[in-house]
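Colleague: According to mature numbering (1 follows the signal peptide of the UniProt record, and there is no 0), the stretch in the sequence shown is residues -21 to -1, 1 to 682, in order.
Every residue, glycine too, gets a C-beta built ideally from N, C-alpha and C.
All of these numbers come straight from a predicted model, not from anything done at the bench.
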Amino acid sequence: MGRFQLAIATALTFVVKNATAFTIGTPVGLAAGTTGGGNGTVVYPTTTTELIEYLNSTEPLVVVLNQTFDFRGTEGTTTEEGCRPDYTRKCMAKNNGFKSQDVIIQGGNMETTGGCSNGTSVTITYDNASLKRMNVKGDKTIRGIGKKGVIIGKGLTLNGDNIILQNIHVTELNSHLVWGGDAIFIQGSNKGTTTINNIWLDHVKVSRVGRQMLVTNKAGVATMTVSNSDFDGQTDYSATCDGHHYWCFLLYGKDTGVTMTNNYIHSTSGRGPKIGGNADAHVVAHVVNNYFGDNSGHSFEIDVNAWVLTEGNYFNNTAKPLYATGKGSIFAASTTDECSKYLGRSCEANVLVNSGNFTSREGTATLETVKSYSAITSFTPGSVQSSNAEQQTAQTSGLPFLLAANVVSGYSNPESCTGTCTNAHDPSIIRRDDGTYFRFSTGGKIAVHSAPDITGPWTYLGAAVPDDSVIDLDGNDDLWAPDVHFVGDEYYLYYSVSTFGSQNSAIGLTRSSTMDINTWTDYGSTGITSSSSKSYNAIDPNLIDVDGTYYLNFGSYWQDIFQVEMKSTPTAHSGSTSQIAFTSDYEVLEGSYMFKHGDYYYLFLSKGQCCGYDSSMPASGKEYRILVCRSSSATGGFVDKDGTDCTDGGGTIVLESHDNVYGPGGQGVYDDPTYVDTTIGYADGDKQFGWNYLDFSSDWPTV
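(1) Just list the beta strand (DSSP E) runs in the segment 173 to 250, keeping only unbroken ones of 3 residues or longer that don't cross its boundaries, in chain order.
(2) If I follow the unbroken alpha helix (DSSP H) through Gly342, where does it start and stop?
(3) Confirm, please, whether the CB-CB distance from Gly645 to Ser571 is below 7 Å.
(4) For the structure I just gave you, are there three or more beta carbon pairs, one from the segment 200 to 212 and one from the segment 176 to 189, closer than 8 Å?
(5) Which of helix, strand or coil does DSSP assign to residue 726?
(6) Measuring alpha carbon to alpha carbon, tell me which residue in Ser610, His265 and Leu331 is nearest Thr235.
(7) With a threshold of 16 other CB atoms inside 10 Å of the CB of Asp209, please say whether the residue is buried or exposed.
(8) Mind checking which residues open and close the beta strand (DSSP E) that includes Cys62?
(9) Out of Tyr470, Asp65 and Val42, state which residue places its alpha-carbon closest to the alpha-carbon of Cys220.
(10) Taking the DSSP output, what are the residues bridged to Arg490?
(11) Taking contact to mean 3 or more Cβ pairs, one atom from each stretch, closer than 8 Å, check whether the segment 532 to 541 and the segment 560 to 567 are in contact.
(12) Is it buried or exposed for Lys299, if we count other Cβ within 10 angstroms and need 16 for buried?
(13) Strictly by DSSP, which residues pair up with Ile83?
(14) According to DSSP, is Thr681 helix, strand or coil?
(15) At the level of alpha carbons, what is the spacing between Arg609 and Gly335?
(16) By the three-class DSSP mapping on this structure, what secondary structure does Ser514 have?
(17) Who are residue 683's beta bridge partners in DSSP?
(18) Would DSSP call Ser676 helix, strand or coil?
(19) Could you name the residues that DSSP lists as bridge partners for Ser168?
(20) Assuming Ala517 contacts Ile486 (C-beta within less than 8 Å), just tell me the rounded distance between them.
(21) Mind pulling the beta strand (DSSP E) runs of 3 or more residues that sit fully within the segment 404 to 453?
(22) For the beta strand (DSSP E) that Ala264 lies in, which residues bound it at each end?
(23) Just verifying my parser: in three-state terms, what is the DSSP assignment at Ile31?
(24) Whether or not the segment 63 to 81 and the segment 26 to 38 are in contact is what I'm after, with contact meaning three or more pairs of Cβ atoms, one per stretch, closer than 8 Å; do they touch?
(25) Under three-state DSSP, which class holds Lys133?
(26) Distance, Cα to Cα, Cys318 vs Ser611?
(27) Where Thr297 and Gly577 are concerned, what is the direct C-alpha to C-alpha distance, given to the nearest angstrom?
(28) Identify every residue that forms a DSSP beta bridge with Gln588.
(29) My output table needs one value for Asn295: the three-state DSSP class, helix, strand or coil.
(30) Answer with buried or exposed for Ser510, where buried requires no fewer than 16 other C-beta atoms within 10 angstroms of its C-beta.
(31) From which residue to which residue does the beta strand (DSSP E) around Thr120 run?
(32) Would you decide whether Glu38 is buried or exposed? Buried here means 16 or more other CB atoms lie within 10 Å of its CB.
(33) Can you find at least 3 beta carbon pairs, one from the segment 108 to 117 and one from the segment 44 to 56, that sit closer than 8 Å?
(34) Closest by CA to Val42, which one among Arg122, Ser484, Ala303 and Glu60?
(35) Below 7 Å CB to CB, which residues in the same chain sit around Thr315 once its five sequence neighbours on both sides are set aside?
(36) Under 6 Å Cβ to Cβ from Ala426, same chain only, skipping five residues before and after it: list those, please.
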């Protein structure tokens, strides 16, 4: 019963056990166990200065980025002599529509400047902020929300143990200049003399940098995982004169161990990645299940004191998966059983499509070295069937819809929430024009909470109907399933009056111009009522505007979901009811929510046992789950993905119990002007507030 309206977007679909933690999922591979800021203070920087201060703090912090931080111009610009290398001059002579990079001189002269081959003098201008990275001390989580976690014009130096970067985008670091800026830089702590541990980069995007996307050197990082990230080499300024970025990864360090998995590395031309090469280096890398695409040059460049295991990767249009020269060791799995002798498990073969050769070099030395790493021997690589670059991009660039769920006691939010996040039964959320979010929920005569952001911190304000509903039915002092909308110049909040297991029910309406406490006027019944003589139960209201005509969807148990047309000002019904969804398998349908996207109206439904999980668990698979049907009409003809009519038991699963989520339901969808469209559900028990994202790209919503 109930639903939610909200907004936010990311490509994350994982759930955490700690409701106060903003981190989604847990790291696999070498960085397993990384907790970042953990249960430290959650902070929301609002300025670039605050962001720098929080990251440099010695306290454990969860630093939430719910806006873009643009550092360009904050530290001025420099105009000085630079280097124009021979490859840039050749690119200019080609006049092929691409531009190359000039070089910032290092150490005072061209001869000692990397990338300045046969350089000539040229005047260059660069933004100073990109050359001075932010210092990130240990025990930090940096967590972007939706598409808002963008850092423009400044990179990050990770300078301590136990750091998580998740769902952020680092971009625009003087991309026209070599040495223009590194995105993520790690040299160990204490000025590069002490190796650090437990670094997790997840759902990170890096684009348009002047130098490296990721660097490890000096003391290095012993346990790092880079996962689900988008390293985007598309650029206007390319050292290879083809719109592909050359300087991508440098993985050095005296004691460096890296797991790279499920990443999308594309539109590059070199160093993707370069591993090893220093006399005092010791680098072990497990590169597994990544997609390498559209690489005009080389991917792997393996040099001295590097041992690299590659398996289950997909190369598409990669000219040279492996750079021919170099003295490092690499094992490139080509069959599934090559690793068993050393690792005690099979390796997953790499797949190459329209790409050059990729073979092992001193592969046995690699297997001998990595067999002592339990994070590698116990890793289960995914099979390589096909590669979907668009899916990888979506994981890091944000998706247009969100599916949210309150979950049963013992399970917590798919996404972030701070403040009062529990007892959010049947949440309905809306954002006021001033940016304040309001959450309405079952109980407490419709409990009202507010927050400055969807993620919180949520604060209890009071009750929307403090004096009981004027509807004269049992349950008028314990209202259910609020559904809030902005209609004309007022907020309309529909609610249910009923008692559990009873068909004596009614749908009521209260209105306010601001949603503040003590501003609501209860208008009582909408005329939509039920009793034992009716075929439906008048609870779980959901209003939809169809080209200026309002309809109210409602229903639970009995014969499930019905619809009725409302008056032009939707205070009461104006037509007769019609059934739009039904199941004959003795499981309940309820909590309907209708949403228009593209050419279709989507009818989301909750099916199964919603409540009482703390005392009586349903049979496996009979608990709440979220289904969907669609139609080109809002008033009927809804079918599922297989074509089964929604009035004949149809319904395609959108979200069901998985991992730490149990019984999600009570879903809804909403367009938020700050973020994007979202949905929400709930389950009984502790009823925590949370959400996930939906992708409508296939015309069927998927989490």
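Modeller: Based on what the coordinates show:
(1) 178 to 181, 184 to 188, 193 to 195, 203 to 206, 209 to 211, 228 to 230, 235 to 240 and 243 to 245
(2) Gly342 to Val349
(3) no
(4) With a cut-off of 8 Å, the segment 176 to 189 and the segment 200 to 212 count as touching, because enough Cβ pairs lie within range.
(5) The structure shown does not extend to residue 726, since the chain is modelled only from -21 through 682, so no value can be given for it.
(6) His265
(7) buried
(8) Per DSSP, Cys62 belongs to the beta strand (DSSP E) from Thr56 to Arg63.
(9) Asp65
(10) Tyr471 and Thr500.
(11) Yes, they touch.
(12) buried
(13) Note: Ile83 sits in no beta bridge, so no partner.
(14) strand
(15) 45 Å
(16) In the three-state reduction of the DSSP assignment, Ser514 falls in the coil class.
(17) Since the first and last residues shown for the chain are -21 and 682, residue 683 lies out of range.
(18) coil
(19) Thr173
(20) By a beta-carbon distance limit of 8 Å, Ala517 contacts Ile486. Their separation comes to about 5 Å.
(21) 407 to 410, 416 to 420, 426 to 430 and 438 to 442
(22) Counting along the chain, the beta strand (DSSP E) containing Ala264 begins and ends at Val262 to Val267.
(23) helix
(24) no
(25) coil
(26) C-alpha separation (whole angstroms): 53 Å.
(27) 36 Å
(28) In the DSSP assignment, Gln588 is bridged to Glu602.
(29) strand
(30) exposed
(31) In the DSSP annotation of this structure, the continuous segment of the beta strand (DSSP E) that includes Thr120 starts and ends at Lys119 to Gly123.
(32) exposed
(33) yes
(34) Arg122
(35) Ser325, Cys326, Glu327 and Ala328
(36) Result list for Ala426: Ser420, in chain order.
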